[in-house]
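In this note's numbering, the protein residues as written are 123 to 598. Using N, Cα and C, we set each Cβ at its ideal position, and we do this for glycine too.
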Amino acid sequence: MSNKAITNKIKKICCIGAGYVGGPTMAVIAAHCSDIEVSVVDINEEKIKGWNNSNLDLLPVFEPGLKEVISRCRNKNLFFTTNIPNSIEEADMVFISVNTPTKEKGLGAGYASDLKWVESSAREVAKYAEGHTIVVEKSTVPVRTSELIKEILKSSSKGNKGSRSKSFAVLSSPEFLAEGTAIDDLENPDRVLIGGDDIDAIEILSKIYQRWIPRSKILLTNVWSSELTKLTANAFLAQRVTSINSIAALCEPTGAHVTEVAEAIGFDSRIGRKFLSPSPGFGGSCFQKDLLNLVYLSKYYGLDEVADYWEQVIKLNNWQKKRISTIIVEKLFGTVSLKKILILGFAFKSNTNDTRESSAILISKELIENGAKLFIHDPQVNPHQIQMELGTKPINGDNYQEGSWSYSEDLYASALDADAIVILTEWEIYKDLDWLRLFQIMRRPSWVFDTRSIVKKEQVQSIGFHFWALGRGIEE
Ligand code: NAD
Ligand code: UGA
């Protein structure tokens, strides 16, 4: 039977959670399955309004290529709505794509994932589903979470109106997209993972993916392996970033250049070239929380040495952020009090408007704490978002208040009289700055701190800047 014939059983899909994963993932599914109606639901009305905004530049998620997919499918076979009961009731397949952050209080606080949103989603499915429903766990969860979902679903066997009986199949299909490349990652993933034991459900989900992804890239495992694979993949990626950042620190006093070391080790095909860019520390909503979750699970199963091993990755990452803010203060004669510093980039990486766990948060807070006057620029992050992350309001105008920040609409205007420019996110526009123009308007001595290896040292030094780059070693 063709992929389409098998997936003909699926007329409607509902995705609970219209976030960085739910929105783009469902848009791509809708784009490849014009015969399936896809509803993305959320409890957050503002977010749903954002997804329905006629101005595609104001979608809640910024991703290259996203607005094009949305404009093709929205209100044809892709709908964003807060009508959760209806969407679940009509769906043959429900994806759970809600947030699973680290627990802030209670048992496991600071380590375990908070599963309250997964649980409430499962309860909504249990309450509103009709007939047979395939439930797909797309959120990143601790191993054995699907048991919790099954347990909740099992407790409801009668239909909403008591007329049709309910049945469920539960699968795990974690998402591996990275922000900034989400659409490419969804269109052409390295692999798709499906974990579960219901052969029909697996076949149906697999055939949906096969509409655009080769069968050879679709891996089938048991549900626990699938859940653990997601945590493991993120832990390995985070560990790799931390490994190269630790070497960057060693390069600085020894005279080595971290970019040269990274390139040279990357030539070894066993090591590979990807994910070896030094940085001010990894950010993003997932690496830290998934590592913490792995630490928690390891401890829970009595594997303290395993827990310590992975926890060290987080410790080093935090040390890296702190190390950078300390270096900036030290280079600026040991004090940044009332010094004007232009921060370039607040998102946790380029091509996203996401600031969750961005290294820029801690580094900015440290500099503010030291009395600096920051001007923060980012092409996609708005001042409201920065205010939320820093927990303080911006001070606008030329009011140079000690330990404060302002939003920079125009980085060149903000550089006037600045003592330093600090690059924290590798946005394309920061790779080609008019350094001469910047130097002419900054206060002397003028510093450039490059934590993303995107500035040409010779160029800025020949203009007259003092220059520090992460992992660049001793300069003759
Ligand atoms: P997000 O915070 O951007 O979006 C989650 C959405 O779920 C929110 O809008 C929230 O309002 C909504 N929600 C929560 N409970 C709900 C409920 N009961 N009913 C309806 N809506 C509800 O989160 P995200 O970044 O999209 O991540 C979602 C999951 O995917 C997490 O488990 C995360 O670890 C995982 N993941 C994220 C990424 C990423 O790049 N962000 C990549 C892969 C996997
Ligand atoms: C990461 C994974 O790459 C995805 O596969 C996964 O699905 C996702 O987490 C998730 O589960 O949420 P994401 O956090 O969006 O994706 O972005 P990455 O490209 O992995 O970058 C994470 C952080 O590491 C960023 O702060 C980035 O600047 C940093 N990084 C990345 C480096 O410092 N150096 C590198 O070489 C690569």
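Q | Residue from R566, D556, I596 and P567 with nearest C-alpha to V577 | A | D556
Q.
Just verifying my parser: in three-state terms, what is the DSSP assignment at C195?
A. helix
Q: Work out the CA separation of R194 and L413 for me, nearest whole Å.
A: 37 Å
(Q) Considering just the uninterrupted stretch of the beta strand (DSSP E) at W173, what are its terminal residues? (A) First-last for W173: E167 to W173, but that is the alpha helix (DSSP H), not the beta strand (DSSP E).
Q) If we ignore side chains and look at the alpha-carbon of each, how far apart do A153 and W527 end up? A) 42 Å
Q. At a cut-off of 7 Å, is T224 close to the ligand NAD when judged by its beta-carbon and the heavy atoms of the ligand?
A. No, the ligand NAD has no heavy atom inside 7 Å of this Cβ.
(Q) Can you confirm whether the region 321–336 touches the region 380–395 when touching is taken to mean that 3 or more C-beta pairs between the two stretches lie within less than 8 Å? (A) Touching, no, given that fewer than three Cβ pairs across the two stretches are closer than 8 Å.
Q.
Rounding to the nearest angstrom, what Cα-Cα distance links A429 and L229 in this structure?
A. When the Cα atoms are used, A429 and L229 turn out to be separated by approximately 17 Å.
(Q) Quick check on N367: buried or exposed, where buried means 16 or more other Cβ atoms within 10 Å of its Cβ? (A) Classification for N367: buried.
Q: Pick out whichever of L416, N130 and S481 has its Cα sitting closest to the Cα of W441.
A: When only C-alpha atoms are compared, the closest one is S481.
Q: For F201, collect the residues of the same chain with a Cβ closer than 6 Å to its Cβ; drop the 5 residues on either side in sequence, then sort them by chain order.
A: Close CB contacts of F201 within its chain, under the 6 Å cut and outside five residues either way in sequence, are with S161 (chain order).
Q) When the Cα atoms are used, what is the spatial distance from G141 to V220? A) 7 Å
Q: Identify which residue in D500, E491 and S530 has its Cα closest to the Cα of D601.
A: Nothing about residue 601 can be read from this structure; the chain reaches only from 123 to 598.
Q: May I ask you to verify whether the region 243–254 touches the region 287–302, counting CB pairs closer than 8 Å and requiring at least 3?
A: yes
(Q) Quick check: does the Cβ of A409 come within less than 7 Å of any heavy atom belonging to the ligand UGA? (A) According to the sequence displayed, residue 409 carries Phe and not Ala. Checking the Cβ of F409 against the ligand UGA gives yes.
Q) Who does A231 pair with in a DSSP beta bridge? A) For A231, which the question treats as bridged, DSSP gives no partner whatsoever.
**Q.** Rounded separation between T364 and G403 - CA only
**A.** Roughly 7 Å between the two C-alpha positions.
Q) Comparing the CB of K169 with every heavy atom of the ligand NAD, is any distance shorter than 7 Å? A) yes
Q) Could you give the distance in angstroms between the alpha-carbon of K260 and the alpha-carbon of Y331? A) 14 Å
(Q) Taking 7 Å as the cut-off, is the beta-carbon of A370 closer than that to any non-hydrogen atom of the ligand UGA? (A) Incorrect: A370 has no Cβ contact closer than 7 Å to the ligand UGA.
Q) Taking 7 Å as the line, does the beta carbon of L438 fall inside it for any heavy atom of the ligand UGA? A) no
Q: Would you grab the beta carbon distance between N415 and L353 for me? Rounded to a whole angstrom, and I think it's under 8 Å.
A: 6 Å
Q.
Give the list of continuous alpha helix (DSSP H) stretches no shorter than 4 residues that lie fully inside the region 435–518.
A. Runs of the alpha helix (DSSP H) inside the region 435–518: 481–491 and 505–512.
**Q.** Three or more C-beta pairs below 8 Å linking the region 330–349 and the region 305–320
**A.** yes
Q) Do T477 and the ligand UGA come close, with the Cβ less than 7 Å from some heavy atom? A) No, the beta carbon of T477 sits no closer than 7 Å to any heavy atom of the ligand UGA.
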